[in-house]
Each structure stands twice: as C-alpha cells, then as structure tokens.
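In structure tokens form, the structure reads like this:
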C-alpha cells in the first residue's frame, strides 16, 4: 500500500504517474471507509483526490504555500501531510478536524471555514513573499461555487494588479452544495465544452494567464499543467475540471445528497439512522410553499443553502420562479431581497447564522436603515447549529441584535415560529429577522400571538422573587430551571418568553421590579453583546440583580453541545444552584 | 434659464439636444455655486451632469426605476426631480441630503451610502417587476470604482442569470476617490482606448450585452445609447466614459482633491478655512512612514481611503511598495492583510468605521479566529466621524467589541494612540484593532503604557463613591464630568481610562466595588451592545449601580454632533445631574 508510506509530501516525489494513480485509488477507498463511519464532506473530497496528489507531487510544500478555499476538501491534503492515520486507523477516525487548521499541521496555513477567501489569503502570502524577498510558489485552490462570492472577484482583481507569481487553481466540479447558480457557471460550462478556448474569458479579462485541464481526475494531465506553471512570475489560473463524488457511484449520481454525508453503508449507499423527523427546516418549506401557492408575489431567496429551510429539489421545483438561489453571495442576497420587498413583493431570505456574518453591512444599510420590509430567517443559530468554531451559530445575537431598526425575533416553539413568519411576511413596514430555534422542535402549550409589531415579552408563569427570561430555543431550559427551583424551594418563580432579541419590553421589566429581586437570562449565543447584556443594562441603575447565562467567547475547535452547555453552566442544576447561592448571600432579598 | 423650468423629469422630454446642453451648463454652474458654499461631492457630480440629464430625458421616471450606486453623484438627479431649489436658492442650499433618500423624493428608491450595492438593488427590482408582471425599465448607475466591491460582481452574476431586462450604466470616470486600483481598471482603460472593442470583455464574460459611449459628457452620444437600450428584454451594460470634475478646471486637474470639496472660492479654486492642523490622520502617516523606513517588512493597506490615515499622494509615493491600495474591497483587504501577517510581515489595514462593517466576517474568521497578528486602524468611529445616518461612525464598538480573540483598543490621546499602534505592530501574537479618536486631538498628561497585551484599565484619579469610566475619544468628557461633580459636591470622584473595548479588567472593576456605589460609563458609540453594557453585565449580580452614556440607536439623517450629544445627555451637566439624582434617591449609598 502506497498511502501507508506517505509520511509527508516529500514521499510523493519519487512516485511515477502509475504509482500516484494507485495511491489515488487507496485514498479514495480510505475516504469512503472513514466518512461512511464518521460522516463528512464526501463528494468534494472524492473529486479532488488526484488534484491534491498532483499539488503535493509537483510543489514543495510546506515551503510552497497552498490555501484551500473553505477547506471542505482538505481530507486528501491531510492524508498526504502526516495525518494519514486519521483515515486508515478506525481508532483514529475523526482525530483531525474537517477544516484546515494551523494548530493541526504546518501544512495548513489558515483556519478556513467560509467560502471565497482563498484568493485573498494567497494574495497576502504572495505580497509577503515579495516584500521579504523569498521565492516560494503561492497557490490558491478554489471550487467553482466559491467563485460566486464577491470576495473571490475582489481578490482576483487584486492579485493581477500585484502582478507577481500567483497560481489560482479553479477546481471546477460544476456543483455547489446544490446545483450552481449565477452566470459565471454558464461561462465555465462554455469553457469546459470548448476545452478552455473561446473569447471573453473571465479570468483573462481580469489579467490572468489561463490554462485548461480537461480531466482533473487524470493525474498525468494535472501534473503536467502544474509543472508548467510552477515557478511562474505572474498570475495564472489553472482551470481543472473534476467530477464531484468521483469513484463512488451514488455520490457521482446524486451530488447534492452526497456533498456532506451522514454515516452510510458502503455497499448500498444508504445513510444509517435516517429516521425522517419533521424539523424546523421542513415545516418552513411546507409553510412557505403553501403560502406561495396562495400568493404569487411571495419570493424566497437562498444563497446556495436551500436545505436550511427544507427546499430540497422537489420543493424547489414546486416553488418554481418564486424560489431563487443566487449562489454563494450573502451580500447580494440581502440587498436583492430588500429590493424585492421595496419593489412590492413579499420577500424572504434564509441562511445560516454563520454565513449571515458576511452580510452585516447590507442588513444594516439596505434592509434596516432603508426599512425594507423583508424577512430574514436565520438558521443554525444555536450551540446545536454546527459543532465547531469556524462555522458556529453563537454570534448572531450579538451581531444582529444591535442593528438599528431591525426587529429580531426568537420564537420558542413551532407554533410561535410559524406565527412570527406569517406576521412578518404579511406586514409591510418593518425589517424582520427570525431566529429559527436550533434545539429540538417543541409545541406551544397554548395560543400564540399573531402580531409582533410591538416589542412585548410573554409572561408564561407568574411568581415572585426570581424571574427567568429564557430566550428562543432555550425556553425549554428556562422551564426546566423554574421547575427545579420550585422543587428545591417550594416557591413559584416567574417564567418569561422574551420573544424579542432587539428592543426591551420596559413595561414587563418594570413590572418585574415590584416583586422580584433576581432576574435570570438564558440565551443560546455568546453573552458578550447579547440579550442578557441588554437586560443587565436595563436594570443597571436599579437594585435588581441580573444573572445571565449564555456562552463565553471561547468556542472550542470541536465540541459536543451538551458538554459545552455544561461547561458554561447552562443546566438547570447550575443555574438554580447559582440562584440559591445568590439568595443566601444577599441580605437585600 | 432652463433649469428653473424643470419641475420634474417630464419637463425634459420636450427639450432637444441643444437645449439639454444649455441645461447641462446651468446645472454645472448651480453645482459649483452650491458646493462652493456648502461643501460636498463636487467631482463626481460634475462628471455625471449629461448622463443624468440623458437618463431622465430618455427613461420615464419614476415609473422606470433608477438606482444610483453609493449616491455620491445624485445632486444632478435631485435638481431634475423637483429639488432644484436646493441648488438655486442660497436660502435653501443644503435642504437636501447628499445621498438618495426615499423620504425625500419618490424618485429616490433606496437610501444608499455604501458602494457596490446598486446592481443588487436593481436585480431585486427587476425580479419584482417580473413577478408582478409590470414592464418598467430598471437601471443601475455604477461608477467604475464601485466595480471593485465584490458585491457588484455577485450582482452582475445574478442579473445575467435572471436574464430579463436590466440596464447597468457604468459611469467610468477612471477615478476612485484617489486613483483606481485593481486590474479591472486596466481592463476598462483598454476598452476606452479601443472604443469598447477587443476580446475578453469582462461584462460579456458575465453574460451582458455591451455598449460603449466614448464621450459621456456629450449629451447626444448618451441619449442615443440609452434610447437604444430602453425597453431591453435582456441584461445590458452601457459603458459611459465621463470626466470627473468636468467643467471646473481645478477639479479636472486634481481629481482626488476635488472628490469631496470643502467650501471654496470659485474664482481661485482655493478651499476656505484650510488652516492646516495636525490631526490623528497625519500623525498616523508620520508614524507609519517613519516606521516603514526602519522596517522594510511593514506593509500598510487601504481600501481606497488612504486619506483616513493621512496617506496623501506624496506620502503614498514615499511609502512605495510598502503601501498598498487594493481598491474598494474591505473583505479582501482584511483577509489579505491577515495573510500578510501570517506570511511574516508586519501588517496594518486602516479604514472608516462605517466601511469596516462590510468585513465583519473576515475580521471574525481570518483575522481573529485564526489569530493573525495584524493591526486594524478604525477611523471616523465617533459622533464626529460622519454627520449622517448612511455613513455613521457609531456602530463599530458594538460590531467589533464582541468578536472572540480580538483586542479592540480605544486610545484617549495622541501619545496613547501612537503607543498602542507601536505595541500592536511590534507584537506577533494577537489580532488588534485600534479606534482612532474622532474627537479633537489631546495630549497625555503623563507617561503612557507601552504594553497592551493584558486587558487593564488605567485609574487616572482615585476618589470614592462615584467612578467614571470614559472610553477613548470621550475621555475628555469624563474629565469634565468628574471636575463638575467635584465642584458641585466637594467630593473627589474616581476617573478611569478603560483603554480596552474588548475584555474586562476584573481587577480594577473589583477594586472599584470597595469604595464606590455608582459607576458611570461614557462612550462614543451606540449603547446597545457597547462598552457600557459590558460593565453593566459585569456588575449585574452586585449592588453596584451603573449609569451608561452613549448614543441611542436613533441616528438622525443628518445632525450636528454637539446637538446629538446633548440629545443623548452626553454633557457633563446632564451626567452629573443624573448622578446627583441617583445619590439622592438611593438609600444604599
């Protein structure tokens, strides 16, 4: 077996094309073995096996520097850079992260988990090289879908102005997570059809030398192309056509399903544990499709993550022209959706908490300052959203919760979520964001309000001395906390569903002053800049004591949600313990 | 005079080319008259006179919809859409804002003040039109410099996929605020030289029909081109070459100086009130140039706003290859600078508070999560930064102050600012941002620290009962508040210079508990999510009362800073009054 002998990329140097091709087969098998057990990005890694081998065969890493965009496709890179055991030894499966990470290896230069940054990072490395007078190759490896993100254009524009040696490898597998959107993919398809020939070449227009590789899963073709550009003194794009899912038939056939695979049976290609459960994503799709059918002016926008609101292929087809995937471009998506609303449509845009970060400016400017009455659904905003640091769902409360004019809502259960969505789509006055709970779906225990135009918290249970304000998906934790408090003390605590992340319901907060000395806040996000801070700020000049629970800013590289909650004292036992300590210590109560 | 007769664009319909040309001369005179008195964007408006006339002559606004990018160039549009008196009657000079604003006119569809969004907004309007089955023209007018921003690429990519009628007018005056950077401008120059002909056309590569107008200051040429595209059923780019500053010789000659003009003498072209005063921008340039001369590995990056750190043309030339303008692309600028730092350079990026909004994701991911030891200088982060809502400097504390791993510093005076900058550039461990004070420059009254690697507040004066924590540029206000408090009460208050926006100096905050009952926080930013909230959060479970001063989220369309401060109780008299009220009411002190 060749793979076992590859301790570092240097060991690739002596292998010939035939041997490298055998290695590729071994790596493909290792990928399927590992990911069928652990789950992970399968399709993108299967497609890039030969390209990764060729890169490490031709270039002299780590002296030559390679930046993988978004790093969903670095499993092969990890296998070849001293981390093969994580893919060969079942005991060590999962011992490396799914992203590049300098703390893991000197071959990983950056932590990356968001798309379209690799060319910027490579430009910076190239400029640093020029300034410092060294002579290494700098290579960015960017997927075709990541070209959608405007930052890739910004960086291409920058790299060719700098003008010195820079190699951009476009790994063109003709897919995003779902199918690609944006005209650039029509352009790339034309280049593929014509073996890279033809006028009006996007990369040449931006000042790049351009080289085409027809079959990027043929090592000899890739090696030849990379040898030709090694040591270049000017910017060059190598357009490499690869096949997503290559070598595993189910993944070649249904590329969307196999972009990120759950653990699966290698023989049948069936996912294990696929008990279908209705979740917030699927009820969102059901609601929106039903609403679209009644209202032809309702338009729903995604930026390449349709599944976060349940728009699988069948649902996208049902929605027709009322559903629009604009590609990986959150900035454009927000401004575009704001303009849809200004143009008289009912307009909804949905994306992940971690990706909405890229559109803060457009949310603040076009959506909120201009008060365009669009609806933004924020998904995966939770400790349960993603279980790592590069994509985490814990920052959006602090990010969006302080934007002027925005109404940011945190529903606590299924009925409230749908009621908020329905209200927001129906109104034409306010920019509204709704944080889809990331915790398991629950049902309301009574009627929910249908109007959210005024900030108002809902008092679910009246008690005294202690009031618990438990936000959104953590409302259940608030309920459990109150129950435990009552068990321990025999006293009834007040329980509040705040519902609003933005704004303060001063009527309720004033009312609480009368019979309460302690207010507890609980939220599914970092504390700094968050909901608890607003409540603490409100009571700061009064005698009310506020105990806030949420996450510290230290988000581990990888984590299990229950472990991270425990570590942040986000359990009923910890919270009630703190309350009781407080009551004991405080003379004032 | 024609201009007096233009009550709305309908009045342009009957004028012939000769009459429209006379009108252009009148408008140019009105622009110079007005802006010489009020100050404003002169160069960009002088260049676009004929194009604006042609748009309103050819299209049927407001039914046809025009979106001006960033809207620095809407003065002519305002003159022709019922707002001419703001440019003809000195009594009414300045009665309109410098940006488009739907509250001002139905001809303004969006509030816009940040670049590169117009194509997204036009795409949204076009899609809404298609959904609703109306047939109006939708036109985006975007300057060549705004093409740098990746969002313009995202939107071009989106518009051609949608594929229906969309008109993008590229107003190519071959200038940004300073000279252009980015290869796209080399590309545009080649098109200009060849009358729009030649292969590898950027716009055609992205799926647009392309039309070239050689002299955009010749009304007949522009009218002809716009007539040809009116009613188009597919996306088209009209590339119009104009001259920035056209018709006013000083502005034609020095385009950078006249992009935004202070009030000036129309005859001599001299700015009035130009007493040169050293400010934070110029001491930054002096410091950095001096440092660069000693350290060839120090690189300073700007995204088209070199003047915010004093890099005028002469200073840019002095810095040579160690100063890099990457064009209007904050996202790329942050990732690029982070990579410079990772690549071993000492790396500084500077931009305005209002523009840094566009790079939150890159700051959170590449700069901070990856702990790249770059320095980010945030300028204009102050009520004094910009005096309007679309570009305001009041949000950055809430935006950046809650990012994990970031050290965000708020120097209170010149020496502290330079010491922080020097420390940050010298260290290689932490991602650091420094908020340049927007208030008038002051000097330290003693030595300042040289090491900021640990969060630590500086106690400037020890007192009891009341402690004032006055952040950054508002430290002076804290000093005045303490002085007035002492005058009124005869008691000495504690005065603290917090210096750190991120983190909490728990040692100092605990120490304050001993002899203080009231902590006052003062900051030059919105309160929501800000510094005061952190302090309130820190003391939330204690008996300390916290009074926080900063700005509400209601930022007026335009304002005078002292007025807005008064309105937010940011005066020594208001603050001391509140403290005294509090002491009176509270039995506990």
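Protein chains in written order, with the working numbering: chain A, 69 to 657; chain B, 69 to 657.
Built from N, CA and C at the ideal position, the CB exists for glycine as well.
Counted as a single uninterrupted DSSP element, the alpha helix (DSSP H) harbouring residue 652 of chain B occupies residues 640-653. Counting only the Cα atoms, residue 629 of chain B lies some 7 Å from residue 455 of chain B. For a cut-off of 8 Å, the C-beta gap from residue 173 of chain B to residue 137 of chain B is around 17 Å, too long to register as a contact.
Assigned with DSSP and collapsed to three states, residue 370 of chain B falls in strand. Within the region 409-475 of chain A, complete alpha helix (DSSP H) segments of at least 4 residues are found at 421-424, 464-468, given in chain order.
Nearest in C-alpha terms to residue 437 of chain B, of all of A:557, A:571, A:329, A:170, is A:170.
With fewer than 16 other CB atoms across the displayed protein chains lying within 10 angstroms of its CB, residue 321 of chain B is exposed. Bridge partners of residue 109 of chain B according to DSSP: B:328. For residue 270 of chain B, the chain A residues whose Cβ falls inside 9 Å of its Cβ are 268, 270, 273, 274, in order along the chain. DSSP assignment within the region 569-627 of chain A yields the following whole alpha helix (DSSP H) runs of 4 residues or more, N-terminal first: 574-583, 599-607. Within the region 107-159 of chain B, the complete alpha helix (DSSP H) segments of 4 residues or longer fall at 111-115, 117-126, 143-148, 153-156, listed in chain order.
Within chain A, no residue has its CB atom less than 7 Å from the CB of residue 368 of chain B, the nearest being about 12 Å off. When C-beta distances to chain B are compared with 9 Å, the residues of the region 375-394 of chain A below that value are 389, 390, 392, 394, in chain order. Interface criterion met: the Cβ of residue 196 of chain A is under 8 Å from a Cβ in chain B.
Per DSSP, the continuous alpha helix (DSSP H) segment holding residue 554 of chain A begins and ends at 543-557. For residue 72 of chain B, there is no enclosing beta strand (DSSP E), since its DSSP letter is neither H nor E.
For residue 239 of chain A, DSSP records a beta bridge to A:211, A:308. Under DSSP, residue 537 of chain A forms a beta bridge with A:564, A:589. The bridge partners DSSP lists for residue 234 of chain B are B:303. Taking 8 Å as the cut-off, the Cβ atoms of residue 540 of chain A and residue 487 of chain A do not count as close.
Residue 536 of chain B places its beta carbon less than 8 Å from that of residue 561 of chain B. Using beta-carbon distances, residue 457 of chain A counts as an interface residue toward chain B, with a partner under 8 Å. In this structure, the alpha-carbon of residue 305 of chain A lies about 42 Å from that of residue 201 of chain B. Of all residues in the region 530-559 of chain B, none has a C-beta nearer than 9 Å to a C-beta of chain A.
Using a C-beta cut-off of 8 Å, the region 334-342 of chain B makes no contact with the region 375-393 of chain B, since fewer than three inter-stretch Cβ pairs fall below that distance.
With a threshold of 8 Å between beta carbons, residue 222 of chain B makes contact with chain A. Within the same chain, and ignoring the five residues on either side of residue 607 of chain B in sequence, the residues whose Cβ sits closer than 6 Å to its Cβ are 614.
Around the beta carbon of residue 612 of chain B, 16 or more other beta carbons sit within 10 angstroms, so the residue counts as buried. By the 16-neighbour rule on beta-carbons within 10 angstroms, residue 152 of chain B is buried.
In the structure shown, the three-state DSSP call for residue 224 of chain A is helix. Closer than 8 Å to the CB of residue 433 of chain A there is at least one CB belonging to chain B.
Looking at B:82, B:199, B:157, B:149, the one whose alpha-carbon comes closest to that of residue 364 of chain A is B:199. Residue 596 of chain B has a beta carbon lying within less than 8 Å of a beta carbon in chain A.
Interface criterion met: the Cβ of residue 410 of chain A is under 8 Å from a Cβ in chain B. Contact between the region 571-589 of chain B and the region 570-586 of chain A is absent, with fewer than three C-beta pairs closer than 8 Å.
Distances from the alpha-carbon of residue 370 of chain B to those of B:325, B:416, B:347, B:352 put B:416 closest.
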